[in-house]
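To convert, note that position 217 of the sequence shown is 945 in the working numbering; the numbers rise steadily by one, no gaps.
Report on one structure; see the data block that follows.
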Amino acid sequence: MRKRTRYDLIVRNALSELLRGALERPERSLAVGVIHEGLKSMKQRGAYKVSVSKIIRALPPPERKGYHEKELLFELRASNLFSVNIEGDEGGEGKEGDEIELELNQSCRGSLGFIITRLERYRKALGSMSITGGGGSALERQIKKGAVLFNAALYFECHEHLENVWREEASNAKSFIKAIIHAAVGMYHYEHENTRGLLNYLRRARRALEPFKPHYLGIDVESLINELERFELLVAGRGEQKKFADARVPVIKAV
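This is the structure we're talking about:
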């Protein structure tokens with residue numbers, strides 16, 4: 729099992745919170761793009777500071793849609809990943825058009841590669857959500873978001889998103905949502921090389937999904953059960969050969 733440091737957990741939680749904001753309000757996804765491009769620039773230049781205005785000008789137009797500087801500043805500060813410096817403004821509030829500079833916090837610098845990879849997945853997942861649209865009930869749309877996160881191998885973020893949905897749900901769907909959460913938790917254990925945790929949670933997920941076959945709330949439940957079982961057998965049979973299993977991770981299919 730791979731151990732996580734305190735800084736690993738700080739970065740993980742900061743990124744998850746950033747994504748949560750973008751899931752709640754799509755216009756807040758701009759911060760995800762800005763931070764991702766900023767960090768890539770830092771890595772390329774071997775420096776830990778970058779100009780926000782240069783990044784925004786380089787972003788694709790769809791990602792700049794609905795841009796508001798004050799909202800972006802709030803998101804950047806709330807991420808806990810950076811110091812946000814505004815040129816010539818001692819109060820830190822700034823005014824429209826001021827030069828904004830990001831400086832990656834010292835505690836996050838050792839995780840630069842991980843953060844860049846994670847944010848790339850975030851952007852792809854958010855882009856996929858915008859393309860697939862908002863068909864179905866409100867609950868189906870929330871579950872669909874969870875499925876996109878799961879399929880993007882964002883298992884912790886899938887768990888966090890669906891747990892919020894689960895807390896607010898009072899119908900029989902609560903058990904279904906919990907089953908998908910168990911699947912996400914299992915795959916999170918897989919990411920961190922905890923085979924016992926993976927197998928335990930995937931079995932729990934399969935059992936909980938059985939009453940909802942063949943499909944439920946827009947999800948192909950029968951296919952998901954089969955995917956989870958196949959992956960269990962694969963990992964149990966091959967032990968720690970994680971690279972082999974990575975290409976065969978389960979996916980959640982819509983109907």
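C-beta: ideal position from N, C-alpha, C; glycine also.
Since the structure is predicted, the reported quantities are computational estimates derived from the model, not experimental observations.
Among the options, nearest to residue i - alpha-carbon criterion
i: Arg-976; options: Ala-933, Phe-904, Ala-881, Val-762; result: Ala-881
i: Glu-827; options: Leu-930, Ile-843, Ser-779; result: Ser-779
i: Ile-947; options: Glu-960, Ala-901, Ala-964, Leu-962; result: Ala-901
i: Asn-928; options: Glu-938, Pro-939, Tyr-916; result: Tyr-916
i: Asn-808; options: Leu-737, Arg-931, Ala-907; result: Leu-737
Which residues DSSP lists as bridging residue i, in chain order
i: Asn-813; result: Glu-829
i: Ala-736; result: Inspection of the sequence shows that residue 736 is occupied by Asp rather than by Ala. Partner(s): none; Asp-736 has no beta bridge.
i: Val-778; result: Leu-830
Simplified DSSP state of residue i, which is helix, strand or coil
i: Ile-843; result: helix
i: Lys-902; result: helix
i: Ile-980; result: coil
i: Lys-798; result: helix
i: His-943; result: strand
Residue i versus residue j - alpha carbon distance
i: Gly-925; j: Glu-815; result: 49 Å
i: Lys-941; j: Val-949; result: 5 Å
i: Leu-877; j: Leu-847; result: 12 Å
i: Glu-888; j: Trp-894; result: 10 Å
i: Leu-840; j: Glu-791; result: 22 Å
i: Val-979; j: Ala-750; result: 23 Å
i: Lys-872; j: Ser-769; result: 32 Å
i: Ile-844; j: Gly-914; result: 24 Å
Neighbourhood of residue i by C-beta distance below 7 Å, restricted to the same chain and skipping five residues each side
i: Glu-685; result: The structure shown does not extend to residue 685, since the chain is modelled only from 729 through 983, so no value can be given for it.
i: Arg-740; result: Phe-884
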